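Residue numbers (the numbering used here): 3 to 244.
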């Protein structure tokens, strides 16, 4: 998410709930309906960005990479997508568009509902993983109870006040022993590590089973984070399948 791409305020465009996606079936075959992992990419990326992580995730998972609804091509980022609009204020600080932030949470929740199956073939559990802006989606889905989740992994994210209609998220929305993984680069120039620490401290006050990974990288997913994602997915699937 290069800061120099954020000149001015982008107009709010028409958003659709019919999201494009890529899916990969479980590597480990079974006759039972598999749990699913939904991937939410970051600002300026697209549905192809995180699907490579499927190689390190638990082989019992069906993995679905969602594509954000906003096309950034008209704004100088061909092929890039966004969950909600950003702009820079006069001080150069990144601000979040509240209208599209509200819309995108409902769209993401509807997407999960569509892919988790009906009562006869419902997935036994749903996990969400997001990077950067996608991590913000995962947090909001959980803390607003917009989707029934069995665990989240959030990399290089933050809590965004504009995504909550009634104030920031409530710790009571976090189920006991829910596996939550937070990772952040200590050298992140886009979403500074202080944001990761704030998330860590928030979830530490909940009954979640929290894992925190901080490594000396920028805005990305490093080797320690990748290992933690693999371990998180395995632990979460074990918990779902009992």
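For each residue, glycine too, the CB sits at the ideal point set by N, CA and C. Keep in mind that this is a model prediction, so the values were computed, not measured.
Residue i: which of the options sits nearest, CA to CA?
i	options	result
residue 213	54, 232 and 138	232
residue 191	178, 202, 222 and 162	222
residue 125	224, 92, 20 and 39	39
residue 130	42, 161 and 52	42
residue 173	203, 186 and 193	203
residue 59	244, 243 and 239	239
residue 67	44, 74, 186 and 77	44
residue 63	52, 95 and 29	29
residue 139	241, 113, 217 and 50	113
residue 65	91, 25, 216 and 89	25
residue 153	133, 163, 241 and 20	241
residue 2	235, 156 and 217	A question about residue 2 goes unanswered here, because the residues of the chain that appear run from 3 up to 244.
residue 179	23, 227, 151 and 163	151
residue 35	47, 119 and 77	119
residue 158	115, 177 and 218	218
Where does residue i land, buried or exposed, given buried means 16+ other C-beta within 10 angstroms?
i	result
residue 135	buried
residue 27	exposed
residue 209	exposed
residue 189	exposed
residue 160	buried
residue 110	buried
residue 87	buried
residue 37	buried
residue 181	buried
residue 175	exposed
residue 185	buried
residue 220	exposed
residue 225	exposed
residue 249	Nothing can be reported for residue 249: it is not among the residues displayed for the chain, which extend from 3 to 244.
residue 56	buried
residue 71	buried
Assuming residue i is part of the beta strand (DSSP E), what are its boundary residues?
i	result
residue 185	181–187
residue 97	96–98
residue 25	23–26
residue 38	38–42
residue 215	211–217
Which one or two residues does DSSP pair with residue i in a beta bridge?
i	result
residue 84	72
residue 111	Answer is none; residue 111 lacks a bridge partner.
residue 65	26 and 39
Tell me whether residue i, by its Cβ, gets closer than 8 Å to a heavy atom of the ligand ATP.
i	result
residue 65	Absence of the ligand ATP is noted for the structure shown, with no ligands found whatsoever.
Where do the ends of the alpha helix (DSSP H) carrying residue i lie?
i	result
residue 225	225–243
residue 45	Looking at the DSSP string, residue 45 is not in any alpha helix (DSSP H), and its letter there is neither H nor E.
residue 1	Since the displayed the chain opens at 3 and closes at 244, residue 1 lies outside it and no answer follows.
Item to check | Contained alpha helix (DSSP H) runs [length at least 4] in the segment 116–166, N- to C-terminal order | outcome: Listed in chain order, the alpha helix (DSSP H) elements of length 4 or more contained wholly in the segment 116–166 are 135–145.
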